[in-house]
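> In the numbering used here, the protein residues as written are 50 to 250.
Where is the CB? At the ideal position from N, CA and C, for every residue including glycine.
(1) Measure the Cβ-Cβ separation of residue 89 and residue 100 and say whether it is below 8 Å.
(2) Mind checking whether residue 189 and residue 180 have CB atoms under 8 Å apart?
(3) Across the stretch 228-236 and the stretch 168-180, are there enough close Cβ pairs to call them in contact, namely three or more that are closer than 8 Å?
(4) Beta carbon of residue 146: closer than 7 Å to some heavy atom of the ligand NAP?
(5) Would you decide whether residue 42 is buried or exposed? Buried here means 16 or more other CB atoms lie within 10 Å of its CB.
(6) Between which residues of its own chain and residue 86 is the CB-CB distance below 8 Å, once the five residues before and five after are set aside?
(7) Pull up the CB-CB distance for residue 167 and residue 198, whole angstroms please, since I reckon it's below 8 Å.
(8) Which same chain residues end up closer than 6 Å to residue 232 when comparing Cβ atoms and leaving out the 5 residues on each side of it in sequence?
(9) What are the boundary residues of the beta strand (DSSP E) that residue 96 is part of?
(10) In whole angstroms, what separates the C-alpha of residue 153 from that of residue 241?
(11) Flag this pair as yes or no: are the beta carbons of residue 135 and residue 184 separated by less than 8 Å?
(12) Which ranges would you report for the beta strand (DSSP E) in the stretch 170-249 if only whole runs of at least 3 residues count?
(13) Identify whether residue 160 lies in helix, strand or coil by the three-state DSSP scheme.
(14) What's the gap between the Cα of residue 82 and the Cα of residue 224?
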């Protein structure tokens, strides 16, 4: 028997239940999508083969190691997901050119670790933002401090204030697009605010 979450209030949103009794398995579709995204990011290159393999592995993991039904706070916003993917592809290309220029032309004098306060508060969105940032050249994540929602990022040219400001804005933009792709209404409202005002409060 297959049960869709819209017909079964006890199931999390966007989930499908297979079977009944002890053999019942709940397939959380947002979790499957998220695991597939992680799979593609870990490979470092986007291809349809990686995407299909990621979905298959995610489904097998969810069926082999079932979790109790729970709302993880993960939502799927198709337009937001598309914007996030396009932005990450563009940012990877731009950042790759920038890092190459810094190494072979500008010769960065001093590297530093930049503490960047984030606006999202859920562990899921914080982790998603950190993963997205770490996959962009020049955006090495050193630490994610969940208690203060602070991301520590390694930057190459700490002597240039413009480079530091660019790094901050890039992380904040990635955070906003990530939350708009997978976050709840509350998280989306939070990342819509000015990050500097959020830091001041």
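Short version:
(1) To locate residue 89, count along the chain shown from 1; it is residue 40. To locate residue 100, count along the chain shown from 1; it is residue 51. In contact: residue 89 and residue 100 (Cβ atoms closer than 8 Å).
(2) Within the chain shown, residue 189 is the residue found at index 140, counting from 1. Within the chain shown, residue 180 is the residue found at index 131, counting from 1. Going by C-beta atoms, residue 189 is not nearer than 8 Å to residue 180.
(3) yes
(4) Ligands are entirely absent from the displayed structure, and the ligand NAP is therefore not among its contents.
(5) No information on residue 42 is available, as it lies outside the stretch 50 to 250 that the chain covers here.
(6) Counting from 1 along the chain shown, the entry for residue 86 is found at position 37. Contacts found: 103.
(7) Taking the chain shown and counting its residues from 1, the one referred to as residue 167 is at position 118. Taking the chain shown and counting its residues from 1, the one referred to as residue 198 is at position 149. About 5 Å separates the two Cβ atoms, so the contact holds.
(8) By 1-based counting over the chain shown, the position of residue 232 is 183. Here the set comprises 174.
(9) Taking the chain shown and counting its residues from 1, one reaches residue 96 at position 47. Where residue 96 is concerned, there is no enclosing beta strand (DSSP E), given that its DSSP letter is neither H nor E.
(10) Here the question's residue 153 lines up with position 104 in the chain shown. Here the question's residue 241 lines up with position 192 in the chain shown. The alpha-carbon atoms of residue 153 and residue 241 are separated by roughly 37 Å.
(11) Within the chain shown, numbered from 1, the residue matching residue 135 stands at position 86. Within the chain shown, numbered from 1, the residue matching residue 184 stands at position 135. Residue 135 is not a Cβ neighbour of residue 184, given a cutoff of 8 Å.
(12) 189-194, 199-204
(13) On the chain shown, residue 160 is found 111 positions in, with the first residue counted as 1. Looking at residue 160 - three-state DSSP - the assignment turns out to be coil, as it is neither helix nor strand.
(14) If you number the chain shown from 1, residue 82 lands on position 33. If you number the chain shown from 1, residue 224 lands on position 175. Note on geometry: alpha-carbon atoms of residue 82 and residue 224 lie some 18 Å from one another.
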